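In full-length UniProt numbering, the protein residues as written are 1 to 749.
Structure record follows, encoded as structure tokens.
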């Protein structure tokens, strides 16, 4: 290996001194060419020496280190250098030393790269700066409407098309499932260049085009445009209030007339912030080179896009005169809004000219704060009211549970244990309430396999919800990454299949006392909830196919989801079931009698269970309104912090409600508590579904067409089923723990 003195003059030597087992201290020194030459020739005597010169690396490791552990740690640390062997080849001691050096190397690399940096992070996005005059292309998403909830492609209408043709953007799984179809558009901007440009003039509209444009305008369809990952905003004034919308309408119908006018002129305002670049020192990481360099302050400078607004209007132009223009020719600007007589009417044989203006405005908004305008939290007092309401319910139920445990259960147990055996026998004859069902309380319930399957699915859904909302609350599900929330939920659901299989099979072993039939339980767990969802989505997807909506899943994605289901989720669930067979079953504290005890006739027991669901529903119905508005009215929902708190409160309320209802049934000598414990908290899903129907009737009155209504009901059914499984699982597991603790405290011969 030949190294010149010029190269060696830039070398750095790292001295590592041994301070005990697996402890190193490092110092960095510049060395002269002579010492560097000695190191390369192998005559250096440092404990560790590393040289990075040009594109080649010369390094060495200490050939002798103490091997003792505890003894060496108590001895005084050596300070004299250990002879060193320079490696041009692999050191024979290398495999022995790798374990001790890996952590130190990773730590040094991390500190070198991380220490000098100043950075911020918005999950799901990254900053992009543009130079003066740089060309930026806007993108268009699917046309959407709050009246039909059926998305359609932007180019299903007679709009201008890009010169280079339509190119679809890469979309994640969540975007495809939500019906997003992001394409390029002919709208292009040049940074900090204000201009008014011509796009195209359509051919004369035929009857089909006119009918389609009028139908889309009647259904209040919006054009959703995106620039640098920011959706376009527009503002309208209603009753003296400024209302913000995303997107702009396809057309509009003035009051007092049935004529429909198309939006064919757009006035864009692009807010930009000048970024000066970071004047910081960064460590360069060239191959085989370790140098410290200062970044050029102008290298990353430029303009950040921090806002995107539009004012849409309709302008009638002379099609013959405008047809002489080419795309992006300059035209006269327009003052919006224009008079109705000068607006472009939608009618047959009419040619429509599309133009646009763009104005760049400097803004003080920084790039990390550019989404704040979209995510303004309105009604925060209502969210706090919801949380306080939930806390009151929790305290009320906690008081009841406190009375049950401390005043009733513990008192009875203490009295029972203080008696001698003869007195206990006499007392057993006089017992009433939950003590009488001691020989039947752990009797296997009816449809035990279905119960195990539903508990397994409930654990899976509950885990998915908690993890997803937790990460979303801390900003890892940024709205800048469309579809990321849904994608994350699907991935988490599949990965948690192993937990679902484990929970279902272990409960099955606990009830049956054997592992026989665990494969059937695992398969049923893997197919129960996903199978129901698949059937509902297939029916809804067929409806969307008939309407040529972009919300319909492509056949490739359809089979892709099936592959994920059977190639990822099902095997993981079976693996979890296998682990469940290896886990010890939960031992019951009391024996079960051979002959079941007769249950006294009780009326209205299931009415209590149905009524119990109102308490958990009271903790989430306010948050449910905001979620439904976000999904069906096209609003952003980003108050995941409130949602996380509400979810935790919901779990606590479900647990308390189930414990109280279970204790009431045991006191009524009803030992069939298994399913009742599940539905005591699971019936909240019934109220969620009824509230969804109420929202459809009174808040989505504009929703038109049977297909739209079926879509809404189908999705509401899936969500309600998931809530029932999750909340029912919380109630069942809590009640099972309560009953196990209660009867494990009773001494039975």
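Don't be surprised by glycine CBs; every beta carbon is placed ideally from N, CA and C.
Everything numeric in this text was worked out from a predicted model, so none of it was measured.
Cα-Cα separation, residue i to residue j
| i | j | result |
| --- | --- | --- |
| residue 550 | residue 180 | 7 Å |
| residue 440 | residue 521 | 25 Å |
| residue 241 | residue 602 | 58 Å |
| residue 541 | residue 156 | 19 Å |
| residue 435 | residue 174 | 52 Å |
| residue 754 | residue 229 | Residue 754 is absent from the structure shown; the chain starts at 1 and stops at 749. |
| residue 669 | residue 596 | 12 Å |
| residue 392 | residue 566 | 45 Å |
| residue 317 | residue 465 | 54 Å |
| residue 743 | residue 650 | 27 Å |
| residue 343 | residue 470 | 50 Å |
CA nearest to the CA of residue i, picked from the options
| i | options | result |
| --- | --- | --- |
| residue 260 | 267, 211, 357 and 541 | 211 |
| residue 203 | 333, 254, 168 and 353 | 353 |
| residue 759 | 623, 143, 744 and 673 | Look at the range of the chain in this structure, 1 to 749, and you will see that residue 759 is not part of it. |
| residue 718 | 744, 685, 742 and 706 | 685 |
| residue 254 | 346, 647, 528 and 690 | 346 |
| residue 594 | 154, 438 and 146 | 438 |
| residue 166 | 713, 140, 555 and 193 | 140 |
| residue 627 | 583, 688 and 201 | 688 |
| residue 572 | 492, 666, 673 and 621 | 492 |
| residue 224 | 238, 584 and 143 | 143 |
Under the three-state DSSP convention, the category residue i falls into
| i | result |
| --- | --- |
| residue 257 | coil |
| residue 332 | coil |
| residue 273 | strand |
| residue 138 | strand |
| residue 627 | helix |
| residue 76 | At residue 76, the pLDDT of 39 sits below 50, so the modelled position is not reliable and the matter cannot be decided from this model. |
| residue 160 | coil |
| residue 673 | coil |
| residue 371 | coil |
| residue 616 | helix |
| residue 609 | helix |
| residue 218 | helix |
| residue 243 | strand |
| residue 362 | strand |
| residue 183 | strand |
| residue 512 | helix |
| residue 342 | helix |
| residue 316 | coil |
| residue 225 | strand |
| residue 238 | strand |
Beta-carbon proximity check, residue i vs residue j, cutoff 9 Å
| i | j | result |
| --- | --- | --- |
| residue 226 | residue 182 | yes |
| residue 728 | residue 657 | no |
| residue 269 | residue 303 | no |
| residue 725 | residue 458 | yes |
| residue 158 | residue 186 | no |
| residue 234 | residue 310 | yes |
| residue 508 | residue 570 | no |
| residue 330 | residue 537 | no |
| residue 251 | residue 217 | yes |
| residue 445 | residue 511 | yes |
| residue 456 | residue 518 | no |
| residue 676 | residue 720 | no |
| residue 498 | residue 579 | yes |
| residue 205 | residue 213 | yes |
| residue 178 | residue 486 | yes |
| residue 609 | residue 671 | no |
| residue 460 | residue 534 | no |
| residue 451 | residue 678 | yes |
| residue 369 | residue 271 | no |
| residue 754 | residue 592 | The displayed coordinates of the chain run from 1 to 749. Any statement about residue 754 would go beyond what the structure contains. |
| residue 504 | residue 453 | yes |
Local Cβ density within 10 Å of residue i, reported as buried at 16 or more and exposed below that
| i | result |
| --- | --- |
| residue 683 | buried |
| residue 484 | buried |
| residue 258 | exposed |
| residue 506 | buried |
| residue 539 | exposed |
| residue 312 | buried |
| residue 321 | exposed |
| residue 545 | exposed |
| residue 559 | exposed |
| residue 238 | exposed |
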